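Asker:
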Amino acid sequence: MSKKIKKEEVVLKDWDHKKLGRELDLFTFSDVVGKGLPLWTPKGAAIRREIERFVVDEEIKHGYDHVYTPDIAKLDLYKKSGHYPYYKESMYSPIDVDGEQFMLRPMTCPHHYELFLDRPRSYKELPIRYAELAKLYRFEKSGELMGLQRVRSFCLADAHIICTKDQTKQEINSVLDLIEHMASVLGLKKGIDYSYRLSLGDRNDEKKYFKDDKSWDFAENILRSVLKNRKSKFSEVEGDAAFYGPKIDIQIVNANGKEDTAFTVQYDFVMSKRFDLNYINKEGGKSEAVVIHRSSIGAIERTIAFLIEKHKGSFPTWLSPIQVKVLPVTQRNEKYADKITKLLKNEGIRVEVDHRNETLQAKIRDAQVERASYMLIVGDKEEKAKTVAARERSGKNMGPFTIEEFISKIKAEIESKKLN
Ligand SMILES: [Zn+2]
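Just so we're aligned: the sequence shown equals residues 37 to 456 in the working numbering.
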């Protein structure tokens, strides 16, 4: 009995992202590059590019300013932020550059604080919302590495909102609006695919939590009241907060039924003190700002792992690595197939053509295995009528279209990010 259970544990589910990732040629790993450092193939990169564009476009629409900051910084920066003693275990050893020590960054926060400190700020400028698709590096034990879910280098859809204390409630609420909006576009349902968790500090553990009971009370109440006002179900756990304040965790469940924190919204009342994140208030005096750390969709790697499993490899058309596969029926139709392919490519559609000397049946079967969103079959009949015979991934015949009709149909579907 125990033997049987053990075997089941080892067998990957058909839709496990590690298995599908290989079958669909989305990403790979190389021992020579290093463990836990994913290499994105052209197909996987297409998905990632779409997700990254989506993140940047949506966040800009929602009032964020996207920035770029470097992947490394002086060790002094992490000593100043206090991450260094707290976070040391997750960081790589310093790199010596001309006698100064630099770190591969495990987080973006202090880089964004230094951007804020570039010049004096007025209350009129707040809230400032810096967002970045930030490449981060964290040490994970090799036994804990898992596909794209747990890696040593990843890209976080990160942001830091620097605001007044009075603005925090509204800002956290807007962050949750954005998270829910983006999750729904990706096909994730609240209460099914993800849920909220309020992580509170353990006041007795002064090593892990910054001693300031009044600030902890205030911040915890703000987060709790935002969740309550939204009528969002949530659980509360103690002792899982960041060292600088409480947080709302967005929990997701992977294909193997394991719950994991996908991303967080954190209230931070410590960094303003450490970094002197002040602004000139209405009265002309100095006031301390509050920092909200948040991620809209978390680490891109982990989100894609989740989406692979959620859609079982059959991505909605806007994310699909192969949106159209053109299938010439005979060699006579190759030129026409190439012409159709070129027209689609010019419209920015991800298209491939199957010129192998195989039967149409075999070409259709393989396009389905590759999860191409649409197949366009072009034979003598279509060539003569200047049409294409379209087929859905499921095998359903959609009938003949002129190429212009098909292009406008698929573009509308891509534009609307329609779910399957
Ligand atoms: Zn941060």
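Cβ atoms here follow ideal geometry from the backbone N, Cα and C, with glycine treated the same way.
All figures in this text were calculated on a predicted structure; none of them were measured in a lab.
(1) Just to check, is the beta-carbon of threonine 144 closer than 7 Å to a non-hydrogen atom of ligand 1?
(2) Please state whether DSSP places isoleucine 333 in a helix, a strand or coil.
(3) May I ask you to verify whether the segment 240–251 touches the segment 211–223, counting CB pairs closer than 8 Å and requiring at least 3?
(4) Could you check the C-alpha separation between proline 436 and alanine 426 for me, to the nearest Å?
(5) Does DSSP put threonine 297 in a helix, a strand or coil?
(6) Indicate whether alanine 167 and histidine 102 have their beta-carbon atoms separated by less than 8 Å.
(7) Between the Cα of valine 301 and the Cα atoms of Asp285, Cys191, Leu313 and Thr144, which residue gives the shortest distance?
(8) Grab me the residues of threonine 423's own chain with a C-beta within less than 7 Å of its C-beta, minus the 5 sequence neighbours each way, in chain order.
(9) For ligand 1, is there a heavy atom less than 7 Å away from the beta-carbon of histidine 347?
(10) Rounded to whole angstroms, what's the CA-CA distance from glycine 334 to serine 409? Just pull it up for me.
(11) Alpha helix (DSSP H) containing alanine 448: first to last residue?
(12) Inspect the beta-carbon positions of tryptophan 76 and phenylalanine 63 and report whether they are closer than 8 Å.
(13) Could you say which of Cys191, Gly293, Phe442 and Gln397 lies nearest to leucine 380 if we only look at CA atoms?
(14) Between the alpha carbons of aspartate 241 and tyrosine 232, how many angstroms are there, rounded?
(15) Using three-state DSSP, classify leucine 62 as helix, strand or coil.
(16) Classify glutamate 44 as buried or exposed, calling it buried when 16 or more other Cβ atoms lie within 10 Å of its own Cβ.
(17) Is the number of C-beta pairs between the segment 149–165 and the segment 305–324 that are closer than 8 Å three or more?
(18) For threonine 339 versus isoleucine 131, is the C-beta spacing smaller than 8 Å?
(19) Specify the secondary structure class of arginine 392 as computed by DSSP and reduced to three states.
(20) Mark glycine 293 as exposed unless 16 or more other C-beta atoms lie within 10 angstroms of its C-beta, in which case mark it buried.
(21) Using the C-alpha atoms, what's the distance from leucine 234 back to arginine 260?
(22) I'd like the span of the alpha helix (DSSP H) that includes histidine 148, first residue to last.
(23) By how many angstroms is the C-alpha of valine 91 removed from the C-alpha of isoleucine 344?
(24) Starting from glutamine 137, trace the alpha helix (DSSP H) both ways and give me its first and last residue.
(25) What do you get for glutamate 295, buried or exposed, if any count of 16 or more other CB atoms within 10 angstroms of its CB means buried?
(26) Tell me whether histidine 102, by its Cβ, gets closer than 7 Å to a heavy atom of ligand 1.
(27) Buried or exposed for alanine 403, going by 16 or more other Cβ atoms inside 10 Å?
(28) Start and end of the beta strand (DSSP E) containing asparagine 314?
(29) What does the alpha-carbon distance come out to for the pair glutamate 517 and methionine 139?
(30) Say yes only if the C-beta of histidine 329 is nearer than 7 Å to one or more non-hydrogen atoms of ligand 1, and no if none qualify.
(31) Which residues in the same chain have their Cβ closer than 6 Å to the Cβ of alanine 325, if we skip the five residues on either side of it in sequence?
(32) Say the cut is 7 Å; is the CB of histidine 147 nearer than that to a heavy atom of ligand 1?
(33) Nearest-angstrom Cα distance between proline 163 and glutamine 203?
(34) For aspartate 390, count the other beta carbons within 10 Å of its own beta carbon; 16 or more makes it buried, fewer makes it exposed. Which is it?
(35) How many angstroms separate the CA atom of glutamine 359 from the CA atom of arginine 239?
(36) Return the residue from the list Leu212, Arg174 and His98 that minimises the CA-CA distance to valine 187.
Answerer: Taking the coordinates as given:
(1) It does: the Cβ of threonine 144 is within 7 Å (strictly closer) of some heavy atom of ligand 1.
(2) In this structure, isoleucine 333 counts as strand in the three-state DSSP scheme.
(3) These segments do not touch.
(4) So the two alpha carbons sit approximately 6 Å from each other.
(5) Annotated three-state conformation of threonine 297 is strand, per DSSP.
(6) Between alanine 167 and histidine 102, the CB-CB gap stays under 8 Å.
(7) When C-alpha distances from valine 301 are compared across Asp285, Cys191, Leu313 and Thr144, the shortest belongs to Asp285.
(8) Around threonine 423, the same chain offers Pro436, Phe437 and Thr438 as residues with beta carbons nearer than 7 Å, after the five sequence neighbours per side are excluded.
(9) Incorrect: histidine 347 has no Cβ contact closer than 7 Å to ligand 1.
(10) Rounded to the nearest angstrom, the gap between the Cα atoms of glycine 334 and serine 409 is 26 Å.
(11) Element bounds for alanine 448: 439–451.
(12) Contact check for tryptophan 76 against phenylalanine 63 passes: the beta carbons are separated by less than 8 Å.
(13) Nearest option by C-alpha distance: Phe442.
(14) Note on geometry: alpha-carbon atoms of aspartate 241 and tyrosine 232 lie some 24 Å from one another.
(15) Coil.
(16) Caution applies to glutamate 44, whose pLDDT of 44 falls short of 50 and renders its modelled position unreliable; the model cannot decide the point.
(17) Contact annotation: the segment 149–165 touches the segment 305–324, with at least three C-beta pairs closer than 8 Å.
(18) Contact flag unset, no.
(19) In the structure shown, arginine 392 sits in coil (DSSP, three-state: anything other than H, G, I, E or B).
(20) Answer is exposed; the Cβ neighbour count stays below 16.
(21) Here the C-alpha atom of arginine 260 lies approximately 7 Å from the C-alpha atom of leucine 234.
(22) It spans 145–152 - the alpha helix (DSSP H) in which histidine 148 sits, taken as one unbroken run.
(23) Taken atom to atom, the span from the alpha-carbon of isoleucine 344 to that of valine 91 is near 18 Å.
(24) That residue, glutamine 137, is in no alpha helix (DSSP H); its beta strand (DSSP E) goes 136–140.
(25) Around the beta carbon of glutamate 295, fewer than 16 other beta carbons sit within 10 angstroms, so the residue counts as exposed.
(26) No, since every heavy atom of ligand 1 falls outside the 7 Å radius drawn around the Cβ of histidine 102.
(27) So alanine 403 ends up on the buried side.
(28) Counting along the chain, the beta strand (DSSP E) containing asparagine 314 begins and ends at 314–316.
(29) Residue coverage of the chain in this structure runs from 37 to 456, which leaves residue 517 outside it and unanswerable.
(30) Yes.
(31) Result list for alanine 325: Ile198, Ser308, Leu313 and Tyr315, in chain order.
(32) Every heavy atom of ligand 1 is 7 Å or more from the Cβ of histidine 147, so no.
(33) Rounded to whole angstroms, the gap between the alpha carbons of proline 163 and glutamine 203 is 8 Å.
(34) By the 16-neighbour rule on beta-carbons within 10 angstroms, aspartate 390 is buried.
(35) Glutamine 359 and arginine 239: Cα-Cα distance of roughly 53 Å.
(36) It is Arg174 whose Cα lies nearest to the Cα of valine 187.
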